[in-house]
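Participant: Here it is: the structure, laid out below.
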Amino acid sequence: MSVKDYACFLVNAENITGPQLVQMLNIFLVIVSVLSFVIAGVFHYFFAKQIVKPVKILSNAAKEVSAGRTPAPVDVSTSSGLAELASNFNQMVETLASVQNQREEMLKDIAHELRTPLTNINGYLEALHHEVIKGDAALFGSLLDESQRITRVVELITELNAWDKGIYFLQKPFEEIEMDKLLHESVTAFDLKLQHTFSTFEADFEPAIVKGHKDGLKQVLTNLLQNTIDYNEGNHFYIRGICVDHTYRITLSHYGQWIDPEQKEMIFDRFYRIERSRSTPGTGLGLAIARRIIEAHQGSISVETDGHHHRFSITLPLHVDFFINP
2 MSVKDYACFL VNAENITGPQ LVQMLNIFLV IVSVLSFVIA GVFHYFFAKQ IVKPVKILSN
62 AAKEVSAGRT PAPVDVSTSS GLAELASNFN QMVETLASVQ NQREEMLKDI AHELRTPLTN
122 INGYLEALHH EVIKGDAALF GSLLDESQRI TRVVELITEL NAWDKGIYFL QKPFEEIEMD
182 KLLHESVTAF DLKLQHTFST FEADFEPAIV KGHKDGLKQV LTNLLQNTID YNEGNHFYIR
242 GICVDHTYRI TLSHYGQWID PEQKEMIFDR FYRIERSRST PGTGLGLAIA RRIIEAHQGS
302 ISVETDGHHH RFSITLPLHV DFFINP
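In the working numbering, the protein residues as written are 2 to 327.
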């Protein structure tokens with residue numbers, strides 16, 4: 002029954018006719034219109050509130066982000082569309098916060114790495130300036146060592162960023178690399194150091210072809226071999242290269258300084274050092290660079306350890322032509 006039919010029913014029930022009928026109908030229609038307007042207004046208010054409130058919350062959170070602050074997670078559960086938007090926004094904020102924390106930690110580590118050599122250089126120069134000490138070959142050698150240490154840190158940071166951004170690929174495209182020859186070259190460069198560090202060391206490399214950046218892969222091997230020597234505590238070293246399921250796997254095994262098995266992945270972080278006192282040489286960037294280079298070759302690098310027995314593994318995809326013409 003429509004509003005008009007209901008109005009006519011009421012009028013007929015009262016036996017109203019003529020001008021009274023018109024007046025009665027007008028009054029009834031006015032009342033119905035007002036009630037409809039009020040109901041529509043109330044419904045619109047609550048509906049708009051459900052939409053506007055979460056949008057305003059998201060807007061305020063976005064302002065917090067633009068101001069450089071990290072807002073609290075946005076909780077929106079009104080509609081699937083806004084809920085999805087809020088979830089994506091929260092993920093974005095979490096990612097930005099993580100990146101910011103990493104950046105702050107990296108800056109702290111850089112400052113820590115540079116502070117010691119800069120302090121030493123400053124101390125030497127002040128002593129020379131006030132004629133507390135006199136310059137000699139040993140002093141100038143120390144100053145040179147400290148300045149080279151600073152230069153090395155800057156160079157490694159630049160190299161790491163270059164691999165992160167893929168700059169090396171623009172400078173030199175991938176080429177076919179004979180991995181057994183590359184491994185022989187790398188080990189030969191460390192031959193004297195390895196003989197001095199280990200009573201025995203074994204090297205066994207299967208022939209294989211990998212497509213990649215030769216200088217980059219050689220840098221990875223150099224970093225791993227140098228770390229093996231710097232952090233060694235044993236007498237035996239073994240390096241091997243074999244073909245396994247369309248990949249080339251390189252493993253380096255030795256007995257070294259303590260690495261917590263539960264924190265083994267941390268050694269691939271920037272500026273991570275086994276000895277936090279920095280009594281051993283290095284910057285804590287070598288393995289971070291190695292991981293970036295291997296990942297750029299669509300490969301992986303990992304370490305297995307029980308604390309002292311370490312085995313580093315590198316896996317690289319074999320070049321397709323190697324399967325056709327082995």
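Backbone N, C-alpha and C define an ideal beta-carbon position, used for all residues, glycine too. Every value quoted in this text rests on a predicted model; they were computed, and no experiment measured them.
What are the boundary residues of the beta strand (DSSP E) that includes glycine 235?
Facilitator: 233-245
Participant: So, at 6 Å on beta carbons, what are the nonlocal neighbours of alanine 62 in its own chain, with the 5 sequence-adjacent residues on each side left out?
Facilitator: Pro72 and Val75
Participant: Taking only the alpha-carbon atoms, compute the straight-line gap between glutamate 207 and histidine 185 and give it to the nearest angstrom.
Facilitator: 11 Å
Participant: What is the C-beta distance between phenylalanine 238 and phenylalanine 202, in whole angstroms, given that I count them as a contact (C-beta under 8 Å)?
Facilitator: 4 Å
Participant: Nearest-angstrom Cα distance between glutamine 220 and histidine 214?
Facilitator: 10 Å
Participant: Go ahead and pull the three-state DSSP assignment for glutamate 179.
Facilitator: strand
Participant: Is any heavy atom in the ligand GDP found nearer than 8 Å to the beta carbon of asparagine 228?
Facilitator: Looking at this structure, you won't find the ligand GDP or any other ligand, since it has none at all.
Participant: Rounded to the nearest angstrom, what separates alanine 112 and glutamate 147 at their Cα positions?
Facilitator: If you take the alpha carbons of alanine 112 and glutamate 147, they lie about 15 Å apart.
Participant: Ignore the nearest five residues each way along the sequence and tell me which others in aspartate 205's own chain have a CB closer than 6 Å to its CB.
Facilitator: Arg241
Participant: With DSSP collapsed to three states, give me the class of arginine 271.
Facilitator: Note: arginine 271 maps to coil in three-state DSSP.
Participant: With isoleucine 294 as the anchor, note down where its alpha helix (DSSP H) starts and where it stops.
Facilitator: 287-297
Participant: Assign histidine 309 to buried or exposed, taking buried as 16 or more other Cβ atoms, counted over all protein chains shown, within 10 Å of its Cβ.
Facilitator: Counting Cβ neighbours within 10 Å, histidine 309 comes out exposed, since fewer than 16 surround it.
Participant: Counting Cβ pairs, one atom from each stretch, are 3 or more of them under 8 Å apart for the region 89-103 and the region 118-125?
Facilitator: Inter-segment contact for the region 89-103 and the region 118-125 is absent: fewer than three beta-carbon pairs are separated by less than 8 Å.
Participant: Can you check which of these residues, Ile243, Ile230, Asp246 and Ile302, is closest to lysine 357 by C-alpha distance?
Facilitator: Limits of the chain in this structure are 2 at one end and 327 at the other, which puts residue 357 out of reach.
Participant: Residue range of the alpha helix (DSSP H) that isoleucine 193 falls in?
Facilitator: It should be noted that the sequence gives leucine, not isoleucine, for residue 193. Start and end: 192-198.
Participant: For aspartate 307, which residues in the same chain have their Cβ closer than 6 Å to its Cβ, ignoring the five residues on either side in sequence?
Facilitator: none
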